[in-house]
Each structure stands twice: as C-alpha cells, then as structure tokens.
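Shown next, in structure tokens, is the structure this report addresses.
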Amino acid sequence: MTDSPSLPTGVPRSRFDTRILPGNQALELWHDTISVLFESRPYHSVEEGFFVTLDAALVGDVGIGWMQSSAQEFSRSRHKLARDGMDGYLLQFYMKGQCASRIEETLPTVGRGDLYLLDMAQPVATRTNEHEHLSLVVPRRLLAPRLLAPDNRHQTVIHGQRPLVSLLRESLTSFYTHLHSMSVSEAESALFPLLDLAAATINNKVNEDNAHVAELALFTAIRRYVDDNLMDAALNIDCVLGAFGISRRTLYRLFEPSGGFASYLTEQRLRRAKSALHSPQWARASIAAIAEAHGFSQPENFTRAFRRIFGLTPREWRHLRGSDQPSDQADQTRSETDWARWIDRIGR
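Okay, so the sequence shown: first residue is 1 according to full-length UniProt numbering, each after it adds one.
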C-alpha cells in the first residue's frame with residue numbers, strides 16, 4: 001500500500017485510521033465521517049479486513065484528501081440529496097483498485113489513473129474493490145464557471161492515458177505531496193491554476209485555443225448575467241440577446257449541451273428555489289410564494305418541474321431538510337479541522 005505524505009501544520013488537516021480502533025468503534029467512526037457525503041456499506045467486517053485511512057487538508061474552500069479503503073458500496077440517493085443539500089464537485093483519481101456504477105451498466109469502470117468526476121447534487125450508486133484514491137472536493141461556484149455544460153458532467157470518466165489527465169494527476173499529486181513545505185498562502189495561490197487545469201482536462205481542450213477561449217468567455221459571461229438576474233421574472237431569451245448583442249442561433253449553440261437556454265434558465269431558478277426552501281430567510285414563506293419569487297407564476301408548474309429535476313416535491317424537500325439539521329450548539333462543538341465539517345461547508 002502506498003504511503004501518503006504527512007500534511008503541514010500550517011494547513012488545516014484531518015486524519016484518521018480505523019485500524020487503530022476496536023471493530024465496532026471503527027465502523028461507527030467511518031459511518032459518522034462519510035455520512036456527510038455518502039451512504040456507505042462495507043463489504044467486509046473488521047474481522048474480515050474492513051479498514052479506511054484518510055489524510056486530508058483544507059486549502060481555501062477546497063478539500064484535498066488521500067484515502068485507502070477496503071471494498072465498499074457508496075451512494076447518494078435522492079433522499080440523501082434532499083437531506084444534505086450538497087452542491088459541489090468531487091474529482092477523484094484511483095491510484096489502486098476500481099470503481100463502477102451499480103445502476104448504470106453503460107458507464108465505464110473507473111480504473112487506475114482515470115479521472116472520475118461526480119456532481120454532488122446528483123444521485124450516484126457505486127461499488128469499489130480495495131482501493132486508493134486522491135480526491136479534490138470543490139464548491140460549484142469555483143469550478144462550474146470554468147466548465148462547458150457544468151450541470152452535465154456527472155459521472156464523467158476520462159481515461160488516465162490522455163495527456164491532460166496525466167498532467168492533472170501528476171500536478172495534483174505533486175501539490176498534495178508538497179503541502180508539507182507550503183505556507184497557507186502559497187497553497188492557496190497554487191489552487192486556481194490547478195482548477196484551471198482541471199477545467200481544461202474536463203472540457204478536453206486547452207485554453208490556448210483562442211476560438212474556444214472566446215466562446216467559453218461568452219458562455220461564462222451569460223451564465224453570470226443569468227445568475228445576477230435570476231430573481232427577475234422578466235428575464236428571458238430576449239433579455240440575453242439584447243444584453244450581449246448576439247444572435248438567437250449563437251445562444252442556442254452555446255446552451256445546447258445544457259438542454260437549451262430555456263431549460264438552463266428553469267433549472268437555475270429551481271436550484272435557487274431549492275436553496276430558499278431550507279434558508280432561514282424563507283422559513284415562514286409558503287411554497288407558492290417561493291415559487292412566484294423565483295419566476296414560477298403557477299405553483300403546480302413549479303412542483304412538477306422541481307420533482308422532475310430533484311426527484312422530490314418542494315414540500316418533501318423542505319420537510320427532509322428541516323428534520324435533519326444539527327443544532328447550533330452541537331455545530332459549535334465540532335473541531336475546525338474536522339474533515340466531515342469541511343466537506344459539509346464546501347458543499348454549501
């Protein structure tokens with residue numbers, strides 16, 4: 001088993017190893033820790049060889065971790081999504097072992113060196129054998145603006161022998177390895193070039209391609225415009241065409257990977273409304289009022305669209321979120337260097 005390097009005292013860190021604990025405590029620790037992100041089911045008991053070791057760091061708003069584990073199943077069900085509200089990306093490189101979908105047989109198996117991308121806002125069910133991987137957990141706001149079709153990248157697998165994948169894997173491994181000699185500011189300054197490289201790898205093009213850069217810049221600018229004006233019920237295709245002076249054909253082409261501009265706008269409004277449903281600011285607002293404030297004049301249309309995207313009705317989402325919130329007092333007692341707490345914060 002490969003030894004993962006020690007992390008620096010200057011960078012927030014979290015580390016645990018189930019092998020130093022009694023059987024029942026080991027399983028309990030693991031379930032408590034991983035539950036912030038996944039529902040897990042180990043294939044073996046402690047007596048049969050179950051173990052997990054994790055060495056992780058928090059750099060700015062991004063988590064990086066090296067994990068070694070026995071065979072397990074991992075899942076994020078729609079009810080799990082509703083309970084935790086996580087919204088970010090998980091990038092993984094499997095250094096040993098494999099990962100495969102338990103549901104979608106057409107998806108490729110993730111093998112050694114491959115890049116595996118998960119959208120934490122979408123359901124997933126996987127199985128692994130004994131494995132070792134390096135992971136990067138990134139808030140959506142940091143990676144999505146760099147991606148083409150950022151909402152359609154869930155369970156992307158990119159072969160490890162591709163040049164950009166190799167470069168990203170080597171760069172991320174080197175970054176992790178050298179954290180012990182970096183100050184916090186140095187680690188954070190290296191982060192954004194890594195995210196740019198990750199985006200170039202996922203988009204499968206390098207940023208020196210001027211035509212691609214211009215199109216990506218326009219696409220990013222339009223998405224920011226939409227985000228800034230999302231609560232304006234009058235926002236539509238004509239507003240974007242007028243604001244950017246582009247043709248309808250160009251707009252359609254840019255948003256074709258996202259299902260078209262109208263679908264993109266609807267989904268972004270639904271995502272904003274989903275956040276409002278568990279926000280203290282909207283706690284006393286009716287679902288109809290939240291729907292109207294987010295551009296849906298008919299509550300029934302809002303409910304149908306919400307359920308189509310998220311698998312639950314707005315009322316079900318609000319109920320599940322409300323029944324699974326930790327108290328402020330309990331939250332304050334957690335360590336600031338606790339891995340599960342970081343992941344919970346990153347995904348908001």
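We put the beta carbon where it would ideally sit given N, CA and C, even for glycine.
> Within 10 angstroms of its Cβ, does residue 398 collect 16 or more other Cβ (buried), or is it exposed?
Replying inline: Shown here, the chain extends from 1 to 348; a query on residue 398 therefore has no answer.
> Where residue 393 and LEU91 are concerned, what is the direct C-alpha to C-alpha distance, given to the nearest angstrom?
Replying inline: The displayed coordinates of the chain run from 1 to 348. Any statement about residue 393 would go beyond what the structure contains.
> Tell me the DSSP bridge mates of TYR89?
Replying inline: Its beta-bridge partners are ASP119 and VAL138.
> For LEU115 versus THR201, is the C-beta distance shorter than 8 Å?
Replying inline: Contact: yes.
>> Please report the straight-line C-alpha distance between THR220 and LEU230, rounded to a whole angstrom.
In response: The straight-line gap separating the alpha-carbon atoms of THR220 and LEU230 is approximately 15 Å.
>> If contacts are defined as beta-carbon pairs under 8 Å, then LEU265 and VAL226 qualify, I think. What distance do you get, rounded to the angstrom?
In response: Contact holds; Cβ gap of about 6 Å.
> From the DSSP output, which residues share a beta bridge with ASP17?
Replying inline: Within the DSSP secondary-structure output, ASP17 pairs in a beta bridge with THR53.
> When the Cβ atoms of the segment 39-59 are set against those of the segment 11-25, are three or more pairs found closer than 8 Å?
Replying inline: Yes, they touch.
> Using 8 Å as the Cβ pair cut-off and three pairs as the minimum, do the segment 281-296 and the segment 240-250 touch?
Replying inline: Segments in contact, no.
> If we count the other Cβ atoms within 10 Å of its Cβ and call it buried at 16 or more, is ARG248 buried or exposed?
Replying inline: The residue is exposed, with fewer than 16 neighbouring Cβ atoms inside 10 Å.
>> For HIS131, list the residues DSSP reports as bridge partners.
In response: Beta-bridge partners assigned by DSSP to HIS131: SER69.
> Using a Cβ-Cβ cut-off of 7 Å (strictly less than) and excluding sequence neighbours within five positions of PRO123, which residues of its own chain qualify?
Replying inline: The beta carbon of PRO123 lies closer than 7 Å to those of ARG76, SER77, ARG78 and LEU81 in the same chain, with the five residues before and after it left out.
> Got a sec? Which residues, its chain only, sit under 7 Å from GLY97 by beta carbon, not counting five neighbours each side?
Replying inline: Closer than 7 Å at Cβ, skipping near neighbours: THR128, ASN129, GLU130, HIS131 and GLU132.
> Are VAL62 and LEU142 closer than 8 Å when you measure CB to CB?
Replying inline: Yes, the Cβ-Cβ distance between VAL62 and LEU142 is below 8 Å.
>> Check this for me: beta carbons of ALA57 and ARG102, under 8 Å apart or not?
In response: No; because the gap between Cβ atoms is not below 8 Å, this pair is not in contact.
>> Within 10 Å of its beta-carbon, does PRO139 have 16 or more other beta-carbons around it, so buried, or fewer, so exposed?
In response: That one is buried.
> Does DSSP put LEU58 in a helix, a strand or coil?
Replying inline: Assignment of LEU58 by DSSP, reduced to helix, strand and coil, places it in the strand class.
> In three-state DSSP terms, what is ILE202?
Replying inline: Residue state, collapsed to three classes: helix.
> With burial defined as no fewer than 16 other Cβ atoms inside 10 Å of the residue's Cβ, what is the status of ASN210: buried or exposed?
Replying inline: The pLDDT assigned to ASN210 is 43, lower than 50, so where the model puts this residue is not dependable, and the model offers no usable value.
> The beta strand (DSSP E) spanning THR156 covers which residue range?
Replying inline: Counting along the chain, the beta strand (DSSP E) containing THR156 begins and ends at 156-158.
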